[in-house]
Amino acid sequence: MGASLDTNLVRTFCLSCGYGLDNLESSVCPECGGEFDASNPETFATSAGTAHWLRWQQRALLHAGLLVPLEFFFALLSYETVGEDCKYALFFLAIVGNLLACALLVMRLPRISVACQVVVGLMIIPYQLALGIQYITR
2 MGASLDTNLV
12 RTFCLSCGYG
22 LDNLESSVCP
32 ECGGEFDASN
42 PETFATSAGT
52 AHWLRWQQRA
62 LLHAGLLVPL
72 EFFFALLSYE
82 TVGEDCKYAL
92 FFLAIVGNLL
102 ACALLVMRLP
112 RISVACQVVV
122 GLMIIPYQLA
132 LGIQYITR
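When you line the sequence shown up against my numbering, it's residues 2 to 139, in that order.
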């Protein structure tokens, strides 16, 4: 009759890119070059969704752990320059920038999310330069 399919077959996927690793002769992912060990379940995912979820978690941790504090540092640094008048505007920019960056992260655009964080964080530099020029020319 027909060939039967083995339903107990465990599918393996790359942790980095989600590429299917079944029936590969080498222990290197052909898509991203990541190494895995077929006998060690901690080095591969058992579903493509798991690999994508792990990547998304890493991006979220990077965002929360590095970029958000960096942006608030820029806001505080800017506060030192502009003073009491603009403090709420600066923190509003930081919050809006973080919300926009999180939305971009959820839409799987991590590079644009990082660029958004940097642009919002450094947005105050032209104003700081203008204040510096005004201070020097007094």
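For glycine and all other residues, C-beta sits at the position ideal for the given N, C-alpha and C.
Fair warning: this is a prediction, and the values are worked out from it, not measured in the lab.
Note to self: Using 7 Å as the threshold, is the C-beta distance between E36 and S28 below it?
What the structure shows: Within the sequence shown, numbered from 1, the residue matching residue 36 stands at position 35. Within the sequence shown, numbered from 1, the residue matching residue 28 stands at position 27. Contact flag set, yes.
Checklist line | Beta-carbon proximity check, T44 vs D38, cutoff 7 Å | finding: Taking the sequence shown and counting its residues from 1, one reaches residue 44 at position 43. Taking the sequence shown and counting its residues from 1, one reaches residue 38 at position 37. Result yes, Cβ atoms of T44 and D38 sit closer than 7 Å.
Notebook entry, point to check: So what does DSSP say about F1, is it helix, strand or coil?
Noted result: Residue 1 is absent from the model: the chain starts at 2 and stops at 139.
Check: Of the choices A104, E32, D23, L25, whose alpha-carbon is the least far from that of S17?
Finding: On the sequence shown, position 16 is the one that residue 17 refers to. It is E32 whose Cα lies nearest to the Cα of S17.
Margin query: Which residue wins for smallest C-alpha separation from A102, given the options R12, L67, T13?
Written below: Looking up residue 102 in the sequence shown gives position 101. It is L67.
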